[in-house]
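What follows is a short report on a single structure.
Protein chains in written order, with the numbering used here: chain A, 1 to 373; chain B, 374 to 620; chain C, 621 to 992.
Structure representation (structure tokens):
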């Protein structure tokens, strides 16, 4: 009896595998999305501001201004163009997006500095992008600080405190260590929740769901069998993402790979449960897709913490972020993969993630009973 | 030529190394009900799709309503109607909205749309259902409605691809009444089916086996030739030799 | 033209009838536009700082107080064990450790030079760089205080100083909303545009109604235009509502010409819908269409400059951004809304978007077949 139920389940899972693995185009995309994302984040995207186009208007043309400009040019952050622009011309350059900042050295700059001990530089930033504006300004002030201490070095300033900085886990301040765990959360969520909900709603739309439900297999197992291929694809995706990170981005997996996979499986189950919940309420594939995008993709992208810092958000969003599974998964992946910590360091997150998963699965079970009635 | 609606000569369609339609030759007279019979996978639908301009033949010639399927598929589309085995009405539109839509894209005037739409509903006896969503109609009604919509622009030829799949015998009988009514108005009916009782209703029948036309005549002549009593037995004798598996 | 009228009538009926679709297409973006900008704030603040003080001197305490009073740092722990503090970092309870060595005060006074140690959790590179930068500046400031105390004021003022006279144009308070809201509007529109039309056509393929359409005398372009126009209108409506939300929620009033924005938008939507059409010609099922559209929408979004600066990308990345329609609209949107750029300023983007639009739409029309 038990044996035959198992064989039936196997037959269903096999059918689902045919569906999923024969659809080459979808499959290609399921693996293409994570690969493209890893490549994008690994090689293209950075929050760092560099090569920012700026214009320097040097009306001083003396030793001081030229020394500072040389330092600015030497830094990787700026892409300097020298020109003597009027106020209007600077405005025009901002409006056409040619430059992000203008620095003006007034005439007699070094003279003022050496005789009056005080000189001014005018800095005009394109504030429409606040991040770029503040970052560029702070880069510039550190270049100036550098110049000043170089000038002062001749005076040999006493009582100097030297901060020695050590960057942990990511000494080169690369973007990848921050993004890779985020991409993992995003991709697993996408594959599991969105694809599962669409594939189930499709059977509803085409009317094949009823046929499946009258089969001798328990209805609950019918649903389970639909999720298994996606579980497997997700785990394969995980292998792809991790291999790319290790071999292409040279990111080391410091902790236990086994633990990483176990935690990922837990997260995958929670995503599958979310996908099932969506499929119950959606009447068409289009609306399943839209709902997944609105209620899953967006919160995952925003409230996980890998794109925007959660601690800066208003309290409502911080509260909401506490029920987003990917937030815990992201913390877990960072701890295991990048910091090399063991289970003892992440048991709390695991417990919460487990609890959320449990609640989602229970909701599905309840829904399922009403679906049949 | 004048009274020939469809003429096909050595019409062939290959998909890679699979010959779906193998050099078939036949003609359909104007106003006749022509049955295109065969097992599933015999190549009926493919042949019909070529004649409708949905698919390009690999070789051979075919003229539909005087137009060449290679050169003028768009002209053919103006003078034919088509009803596929897949369901072709929009579930999320009402009965009348579906009628308006299809009549409209065939270029009927607003006045004609209204007039013919009403006539159609009356003929089907569902005048009170004009504002019902198609999704809530029973399958048999949907099928009859789809046929009536396919000929709303009074085409010269209507192609029906297994139109009665899944409906009960009574509805099938009613459906054939609609087909006869259309033929009486001079519309040539080209219908594929694998129900042999339906083959009996046709003026002439061609039986396809493995992409070829193995027999082509009136039902009574065919029965005589194979000296059997029903089309069913004619078909059984021919199909026994089939090599191709049904899909 | 007559068939087109009926196509449009049918499309609008179907769209307007699908309440949940209308709701998600129109209200979804609005809700996102209200929530997202609150979250999309890169400003680095609230850095958790753990202090390991081996000195316990007046100076060390003063330094620590000065750091916390700056407002950027939160107290994450104070003690004299480095290992305890390192544990805080491991559990994400602290972002930076400041370690003050024994005899900090004595050494500073006696030897004129003393080190302090910073250990930074650098997984988030930006936060690490900016946070340690703040800390460095505060320490330098503290350093000045110390000097002032030990050196006669007269001698100290001899150190030359350069003042930065700083002006931030267009957004003087450096508000993130000003920057993110226009960018997010572009992002939301792109999502809707790329998905809706492609899913719609593929749905007809899946149900089988497209077969019926294909045997009618409808021309290819009529069919495609009939599918484009409803979603083009939808995009226009969503954009208008978006402008209203940014006006009343965030007080953002476009500095430039709104007509110019609509002009660009109308071309952008056509380009984007062209991408959707192209996807629909390749996809057989809605699931395929969704995954292909998703693939492109994600790439469009991340290389658009909405979230990360395009200038910081390597050359090939910038080239990629150039052939992605979204980056052009994102630039134009921010330029016109925030800086009041004129047609002259954005004409290169205009030309680019028109070229891209022609390419995608032509490709889609060629690829859409009524016959096989």
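We put the CB at the ideal spot given by N, CA and C, even for glycine.
CB contact check: residue i to chain A, cutoff 7 Å
| i | result |
| --- | --- |
| residue 649/C | no |
| residue 965/C | yes |
Separation of residue j from residue i, as counted between CA atoms
| i | j | result |
| --- | --- | --- |
| residue 66/A | residue 121/A | 13 Å |
| residue 745/C | residue 231/A | 32 Å |
| residue 419/B | residue 238/A | 44 Å |
| residue 454/A | residue 175/A | A question about residue 454/A goes unanswered here, because the residues of chain A that appear run from 1 up to 373. |
| residue 494/B | residue 228/A | 49 Å |
| residue 619/B | residue 414/B | With a pLDDT of only 48 at residue 619/B, under the threshold of 50, the placement of this residue in the model should not be trusted; the figure read from the coordinates follows. Straight-line Cα distance between these residues: approximately 5 Å. |
| residue 897/C | residue 844/C | 8 Å |
| residue 560/B | residue 201/A | 41 Å |
| residue 738/C | residue 667/C | 13 Å |
| residue 867/C | residue 881/C | 15 Å |
| residue 178/A | residue 170/A | 9 Å |
| residue 812/C | residue 960/C | 27 Å |
| residue 524/B | residue 531/B | 7 Å |
| residue 91/A | residue 879/C | 22 Å |
| residue 526/B | residue 550/B | 19 Å |
| residue 102/A | residue 58/A | 10 Å |
| residue 194/A | residue 94/A | 42 Å |
| residue 7/A | residue 13/A | 10 Å |
| residue 303/A | residue 236/A | 25 Å |
Residue-level contact to chain B via CB, residue i, 7 Å cutoff
| i | result |
| --- | --- |
| residue 578/C | Residue 578/C falls outside the range modelled here, since chain C spans only 621 to 992, and no answer is possible. |
| residue 634/C | yes |
| residue 623/C | yes |
| residue 973/C | no |
| residue 977/C | no |
Distance CB(residue i)-CB(residue j) smaller than 7 Å
| i | j | result |
| --- | --- | --- |
| residue 189/A | residue 271/A | yes |
| residue 820/C | residue 133/A | no |
| residue 900/C | residue 822/C | yes |
| residue 185/A | residue 77/A | no |
| residue 664/C | residue 163/A | no |
| residue 334/A | residue 181/A | yes |
| residue 458/B | residue 584/B | no |
| residue 865/C | residue 655/C | no |
| residue 129/A | residue 884/C | no |
Classification of residue i by the beta-carbon crowding that lies within 10 angstroms, buried from 16 upward
| i | result |
| --- | --- |
| residue 704/C | exposed |
| residue 781/C | exposed |
| residue 462/B | buried |
| residue 60/A | buried |
| residue 652/C | buried |
| residue 584/C | No answer is possible for residue 584/C: it lies beyond the span of chain C, which begins at 621 and ends at 992. |
| residue 852/C | buried |
| residue 435/B | buried |
| residue 388/B | exposed |
| residue 315/A | exposed |
| residue 639/C | exposed |
| residue 24/A | exposed |
| residue 621/C | exposed |
| residue 131/A | buried |
| residue 614/B | exposed |
| residue 921/C | buried |
Residue-chain proximity (residue i, chain C), Cβ-Cβ < 7 Å
| i | result |
| --- | --- |
| residue 621/B | The question about residue 621/B has no answer, for chain B in this structure spans 374 to 620. |
| residue 478/B | yes |
| residue 620/B | In this predicted model, residue 620/B has a pLDDT of only 47, less than 50, meaning its place in the structure is not dependable enough to derive any value. |
| residue 237/A | no |
| residue 107/A | no |
| residue 457/B | yes |
| residue 461/B | yes |
| residue 493/B | no |
| residue 590/B | no |
Three or more C-beta pairs closer than 8 Å, one from the region 433-448 of chain B and one from the region 505-512 of chain B: is that the case here? no
Is it the case that the region 36-56 of chain A contacts the region 74-91 of chain A, given that we only count it when at least three CB pairs across the two stretches are under 8 Å? yes
Quick one: any contact between the region 597-615 of chain B and the region 562-578 of chain B, if contact means 3 or more CB pairs under 8 Å? yes
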